[in-house]
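Residue numbers for the sequence shown, in our numbering: 5 to 149.
In this text, a Cβ means the ideal position worked out from N, Cα and C, and glycines have one as well.
It should be emphasised that the depicted structure is a prediction, and the values quoted were computed from it without experimental measurement.
So the structure is just underneath, and the comments pick up after that.
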Amino acid sequence: SVGASLIPFLEHDDANRALMGANMQRQAVPTLRADKPLVGTGMERAVAVDSGVTAVAKRGGTVQYVDASRIVIKVNEDEMYPGEAGIDIYNLTKYTRSNQNTCINQMPCVYLGEPIERGDVLADGPSTDLGELALGQNMRVAFMP
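In structure tokens form, the structure reads like this:
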């Protein structure tokens, strides 16, 4: 399952604890500032892209314009169709209510002039950080003698 594939070192966990961890991930609430995990499984990017909350480039090109609500990409000539303008516009979702009464807000994670390839993440959604799933916060711990 998706929940189990996001638990690092799952093979070293007790089965009941792993089941609880997978079930708790389904109940996660988006945090104000997403913080991608320092220890992951490698599935975080695939889950974030497949969830549909991130804006993903349909074709490669160069970022021509970017602000909080829109990203404009000038498409590479080898990916354009004959007679088309060669511009892809991505309108971002801003402060929209979800069915769970949380806020959906997409933030651009590209900069002006950046080269883009097909499938690159252009904007983060809720619970994503630079295109990776970020369900919680990294905790800083110190062991004192």
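Roughly how many angstroms lie between the CA atoms of residue i and residue j, to the nearest whole one?
| i | j | result |
| --- | --- | --- |
| Y69 | I75 | 6 Å |
| V43 | A89 | 43 Å |
| V51 | P41 | 14 Å |
| V67 | G117 | 5 Å |
| C107 | E136 | 18 Å |
| A146 | I93 | 46 Å |
| V57 | D124 | 13 Å |
| H16 | Q110 | 36 Å |
If residue i sits next to residue j, beta carbons under 8 Å apart, how far is it from one beta carbon to the other, in whole angstroms?
| i | j | result |
| --- | --- | --- |
| A59 | I77 | 10 Å between Cβ atoms; not a contact. |
| P112 | L96 | 7 Å |
| G7 | R30 | 6 Å |
| T45 | L10 | 6 Å |
| R63 | R122 | 6 Å |
Please name the residue, chosen from the options, that lies closest to residue i on a Cα-to-Cα basis.
| i | options | result |
| --- | --- | --- |
| L72 | A138, V114 and A22 | The sequence shown places Ala at residue 72, not Leu. The shortest Cα separation from A72 among A138, V114 and A22 belongs to V114. |
| S55 | A22, S131 and R101 | S131 |
| K141 | T35, P112, A127 and L23 | The residue you asked about is not Lys; residue 141 is Gln in the sequence shown. Checking every option, the nearest Cα to that of Q141 belongs to T35. |
| V33 | A138, M148 and A22 | A138 |
| M47 | R63, N27, F13 and I91 | F13 |
| M143 | G129, A38 and M28 | A38 |
| R101 | N27, G129, M148 and D18 | G129 |
Which residues share a DSSP beta bridge with residue i?
| i | result |
| --- | --- |
| T66 | K78 and P119 |
| A127 | A59 and P112 |
| T132 | L137 |
key: Runs of beta strand (DSSP E) lying entirely within the stretch 68–120, each at least 3 residues, in chain order   = Fully enclosed beta strand (DSSP E) runs of 3 or longer: 74–79 and 91–95.
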